[in-house]
Amino acid sequence: MASHLNIAVYMRRVNRSLSVLKRLSVLQNRTAFLLTVFSCVWCLVFITFGYTVTYSASGQGPARYKSESTESIVLTPQTCVHPQLLIDDPVMVKFLQHHPPAVCNVTRNWMYVLNGTIRIFRQVAAKNRGISCDYYPVLRLGDGNITWGPPTRNITSGFKITSDFFRVTCKARRGRLMYDRVHAGVALTQDRSERPEVPLDEGFGGLGVAILGFDSMSRMSWLRRLPKTRAYFHDVLGAIELEHHNIVGDGTTAVMLPMLTGKYEWELPECRRNFPNATTMDDFPFLWHNFKKAGYLTSWSNAAPFTAPFNYRMHGFEHQPTDFYTRPFYLAAHNLTQKDEPFCLGSQSQSQVWLNYFRDIFVMYKEKRKFLLHFLVEMSHDDNNLITMMDDDIKRLVHFLYTGGYLNNTVLILMGDHGARYSEVRSTWSGKMEERLPYMSFLFPKWFESKFPEAMKNFRANRKRLTTPFDMHETFRDFLRFGGTGSGDLDQRGISLFKEIPSNRTCSHARIAPHWCSCLSWEAVSPADPGATKAVQTTIQTINYFTSGYRSRCALLSITNVTSLTKLQTNRDVLKFTQADSDGGISRLDFNSSNESGYVLYQLTFGTSPGGGEFEVTVTNDVLRQRFSLNETDISRINKFGNNSACILKEAKQIRQYCYCKNNIHHDT
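The numbers in the sequence shown follow my numbering, run straight up by one, and end at 670.
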């Protein structure tokens with residue numbers, strides 16, 4: 002409706018301008034005529050494109066018009082019009098809290114790693130004379146276990162580490178254990194330092210990629226909670242932010258797999274736990290394999306040993322997937338069950354340990370090509386506010402890398418995977434939009450724009466175009482084999498950001514399902530609407546079907562209240578689902594089938610009982626067949642479910658958000 006209104010207003014302005022021009026045509030003074038024409042056209046352009054819709058504080062719809070700065074005006078109108086979210090929206094600001102940095106006991110660590118060597122604090126050595134310390138490398142046993150390697154006895158300050166992760170124990174003369182901790186550093190190894198680099202004349206000459214990702218961080222949440230980092234990265238250094246970056250599915254894996262493999266999960270081999278013939282992910286076409294073949298050092302670093310994207314419901318990796326891989330460290334740190342202050346690992350905060358490892362890769366291998374992806378879960382997944390503790394640390398790291406010249410041959414990317422999914426924020430209209438629009442920002446070396454001006458011109462234009470993780474994949478491929486500039490092909494679901502993305506790109510072109518598309522105009526519908534009634538029935542029947550195989554343990558759910566109900570009339574351009582199953586992240590899509598009659602989509606937000614679940618779903622009505630359907634990928638659980646599904650977690654993690662264990666009912670009463 003909003004888009005039709007904009008077109009009508011636009012046409013009225015055009016007609017008024019043409020009327021003025023007709024009256025002016027009688028003027029004899031040709032110069033005056035041309036000047037007046039120019040003035041009218043300029044006014045029309047300003048009126049038409051100089052204002053954008055912003056949204057009300059209640060987050061329910063258009064409220065007023067806001068004049069944009071000259072820099073932000075884009076004179077090419079887009080088919081996909083995203084909501085203009087406000088950083089100071091009172092509905093969202095009321096959830097904002099700032100936390101001071103973690104306070105850790107500075108005496109817990111007896112040592113630290115500097116330039117690949119162990120340094121024992123002088124005061125520790127002076128206070129504990131006569132102690133002996135032993136070094137044990139952490140050895141990886143698949144993705145689920147670690148062990149300690151053979152020890153090196155009686156190490157001293159200056160000892161050169163042989164592995165990135167290690168345990169140090171220190172004993173007094175009589176054998177009493179005085180110190181036992183796991184540490185992380187970056188070792189200088191022959192395989193890494195002497196890796197041959199393949200000439201990349203068809204790429205960008207070996208330009209590196211370094212990504213710092215943070216779970217559940219939308220663009221707006223980043224602006225609110227990391228203001229120092231954002232101001233330095235964007236305003237001072239000139240990083241380019243993608244303002245309309247849209248997710249293509251639910252959760253982290255629905256971002257990582259398209260970005261790293263160029264494929265949806267269902268297009269890859271079965272890798273989910275408890276599924277027949279499931280395999281590990283070693284042979285998946287991850288981009289880090291391509292970069293490693295070209296001589297790059299690679300990393301995949303995640304600080305969550307039990308909820309990591311490729312391990313929680315997937316089999317992970319049999320062999321270490323990248324040169325730098327932090328999973329063994331975090332398993333080892335957990336196994337030691339060290340008693341530290343909240344958010345601390347010894348004398349440092351957990352986030353500092355994670356950031357320092359990223360930093361040390363640059364320090365130890367400054368001149369080597371790099372493809373690094375480091376992703377942090379704990380500080381933002383459950384509560385975005387915790388990441389405010391990291392603002393100074395992230396800014397300090399970026400400043401260190403930039404001023405130290407470490408980014409002269411590397412693009413630094415700061416990103417979120419999606420917005421908040423499980424919180425009060427998600428139940429608001431703005432929160433719903435923000436979930437679909439994560440933060441994504443790129444900092445290129447200064448020389449790159451001089452050498453590739455057309456590519457960077459397109460990249461800057463694309464900051465206001467509809468982009469997805471599939472576009473990230475194509476962009477990264479260009480680092481190895483540049484595909485040129487020009488205009489992107491709308492028939493391709495992934496378009497490199499070095500090509501100009503057409504302004505008429507829609508969610509259908511980008512293969513974004515309507516449930517996740519942030520540029521559709523939904524209209525409110527009465528609960529009495531027959532289609533809405535059927536949509537509600539389809540919803541609860543589908544959710545209960547997912548848990549039917551575990552009915553002895555999972556309660557039958559019912560809908561207690563519907564808090565939001567909207568619909569969207571679509572046409573043949575809307576995506577079609579041809580097959581779905583009962584696990585998160587999986588659905589078969591047919592983007593080419595005809596859709597002459599169209600579909601009506603119903604989107605509803607509701608609560609369930611027992612258990613107090615809150616969901617948002619998109620139900621599809623095939624108008625011709627009058628068939629209502631609901632795919633698992635179109636269901637979002639929008640509040641936390643904690644241990645409600647503990648009774649089925651070992652056998653069926655894929656239904657955890659729908660199952661409310663019957664044994665909880667007795668506890669509740």
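For each residue, glycine too, the CB sits at the ideal point set by N, CA and C.
**Asked** Beta-carbon separation of Trp289 and Phe372 under 7 angstroms?
**Response** It is a contact, given that the beta carbons lie within the stated cut-off.
**Prompt:** Which of helix, strand or coil does DSSP assign to Gly489?
**Reply:** If DSSP states are grouped into helix, strand and coil, Gly489 belongs with coil.
**Prompt:** CA-CA distance, Thr672 and Met380?
**Reply:** No statement about residue 672 is possible, as the shown extent of the chain runs from 2 to 670 and does not include it.
**Request:** Tell me His184's beta-bridge partners as DSSP assigns them.
**Result:** Note: His184 sits in a beta bridge opposite Phe167.
**Request:** Note down the Cα distance separating Thr606 from Thr411, rounded to an integer number of angstroms.
**Result:** Looking at the backbone, the Cα of Thr606 and that of Thr411 are separated by about 43 angstroms.
**Request:** May I ask you to report which of helix, strand or coil DSSP gives Lys500?
**Result:** The answer is coil: DSSP assigns Lys500 none of H, G, I, E or B.
**Message:** Here's the rule: buried if 16 or more other CB atoms are within 10 angstroms of the residue's CB, otherwise exposed. What is Asn155?
**Reply:** Classification of Asn155: exposed, given that the 10 Å Cβ count is below 16.
**Asked** Which two residues bound the contiguous beta strand (DSSP E) that contains Gly214?
**Response** It spans 209–215 - the beta strand (DSSP E) in which Gly214 sits, taken as one unbroken run.
**Request:** Could you say which of Phe499, Phe483, Arg512, Asp479 lies nearest to Leu491 if we only look at CA atoms?
**Result:** When each option's Cα is compared against that of Leu491, the closest is Arg512.
**Asked** Got a sec? Which residues, its chain only, sit under 6 angstroms from Cys660 by beta carbon, not counting five neighbours each side?
**Response** So the list reads Thr548, Cys555, Ser646, Ile649, once near-sequence residues are dropped.
**Message:** Is the separation between the beta-carbon of Glu425 and that of Ser219 shorter than 7 angstroms?
**Reply:** Result no, Cβ atoms of Glu425 and Ser219 do not sit closer than 7 angstroms.
**Request:** Determine, using beta carbons only, whether Gly495 and His474 come nearer to each other than 7 angstroms.
**Result:** Yes, these two residues count as a Cβ contact at 7 angstroms.
**Asked** Between Arg31 and the rest of its own chain, which residues show a CB-CB distance below 7 angstroms, the 5 nearest in sequence each way excluded?
**Response** Caution applies to Arg31, whose pLDDT of 42 falls short of 50 and renders its modelled position unreliable; the value that the coordinates give is listed next. Only residues of its own chain outside the window of five on either side were considered, and among them none has a CB closer than 7 angstroms to the CB of Arg31.
**Message:** Here's the rule I'm using: 16 or more other beta-carbon atoms within 10 Å means buried, otherwise exposed. How should Gln655 be labelled?
**Reply:** By the neighbour-count rule (16 or more Cβ atoms within 10 Å), Gln655 is buried.
**Prompt:** What residues in its chain sit with their C-beta under 7 angstroms from that of Pro306, if we drop five residues either side in the sequence?
**Reply:** The beta carbon of Pro306 sits closer than 7 angstroms to the beta carbons of Arg328, Tyr331, Leu332, His335 from its chain, once the five residues preceding and following it are set aside; these are given in chain order.
**Message:** Buried or exposed for His99, going by 16 or more other Cβ atoms inside 10 Å?
**Reply:** It is exposed - the Cβ of His99 has fewer than 16 other Cβ atoms within 10 Å.
**Asked** Based on Cα-Cα distance, which residue from Leu97, Pro84, Arg478 lies nearest to Asn385?
**Response** Closest by alpha carbon: Leu97.
**Prompt:** Do Leu498 and Phe460 have their C-beta atoms closer together than 7 angstroms?
**Reply:** Here Leu498 is near Phe460, since their CB atoms are less than 7 angstroms apart.
**Request:** Go ahead and pull the three-state DSSP assignment for Asn665.
**Result:** DSSP places Asn665 within a helical segment (H, G or I) once states are collapsed to three.
**Message:** By the three-class DSSP mapping on this structure, what secondary structure does Trp289 have?
**Reply:** If DSSP states are grouped into helix, strand and coil, Trp289 belongs with the helices.
**Request:** Write down the C-beta distance between Gly361 and Arg193 rounded to the nearest angstrom, noting that I regard them as a contact closer than 8 angstroms.
**Result:** According to the sequence as given, residue 361 is Asp; it is not Gly. About 12 angstroms; that fails the 8 angstroms criterion.
**Message:** According to DSSP, simplified to helix, strand and coil, what is Asp284?
**Reply:** DSSP places Asp284 in coil when its eight states are reduced to three.
**Prompt:** Between the C-alpha atoms of Thr621 and Ser630, what's the straight-line distance to the nearest angstrom?
**Reply:** For Thr621 and Ser630, the distance between alpha carbons rounds to 5 angstroms.
**Message:** Considering Cα atoms alone, identify which of Ala533, Val618, Phe311, Glu524 is closest to Leu569.
**Reply:** It is Glu524.
**Prompt:** Is DSSP giving Pro228 helix, strand or coil here?
**Reply:** Residue state, collapsed to three classes: helix.
**Asked** Do you know whose CA, among Arg177, Asp479, Trp149, lies nearest His184's CA?
**Response** Measuring from the Cα of His184, the nearest candidate turns out to be Trp149.
**Request:** Excluding the 5 residues preceding and the 5 following Gly204 in the sequence, name in chain order all residues of the same chain whose CB lies nearer than 6 angstroms to its CB.
**Result:** The beta carbon of Gly204 sits closer than 6 angstroms to the beta carbons of Phe480, Leu481, Arg482, Phe483 from its chain, once the five residues preceding and following it are set aside; these are given in chain order.
**Prompt:** Grouping DSSP H, G and I as helix and E and B as strand, with all else coil, what is Asp676?
**Reply:** With the chain covering only 2 through 670, there is no way to say anything about residue 676.
**Item:** Gly417 in three-state terms, based on DSSP
**Value:** Here DSSP, grouped into helix, strand and coil, assigns Gly417 to strand.
**Asn146 burial status per 10 Å Cβ neighbour count (16 or more: buried)** = Residue burial is scored here from C-beta neighbours: Asn146 has fewer than 16 other C-beta atoms within 10 angstroms and is therefore classed as exposed.
**Asked** Do the CB positions of Trp355 and Ala304 come within less than 7 angstroms of each other?
**Response** Yes.
**Item:** Range of the contiguous alpha helix (DSSP H) that encloses Phe547
**Value:** The continuous alpha helix (DSSP H) containing Phe547 extends over residues 531–547.
**Prompt:** Given a threshold of 16 other Cβ atoms within 10 Å of its Cβ, counted over all protein chains shown, does Lys447 qualify as buried or as exposed?
**Reply:** Per the 10 Å Cβ criterion, exposed.
**Request:** Express the C-alpha separation of Ala295 and Asn409 in angstroms, rounding to a whole number.
**Result:** Taking the straight line from one Cα to the other gives about 19 angstroms.
**Request:** Pick out whichever of Lys535, Thr281, Glu342 has its Cα sitting closest to the Cα of Glu319.
**Result:** The shortest C-alpha separation from Glu319 is found at Thr281.
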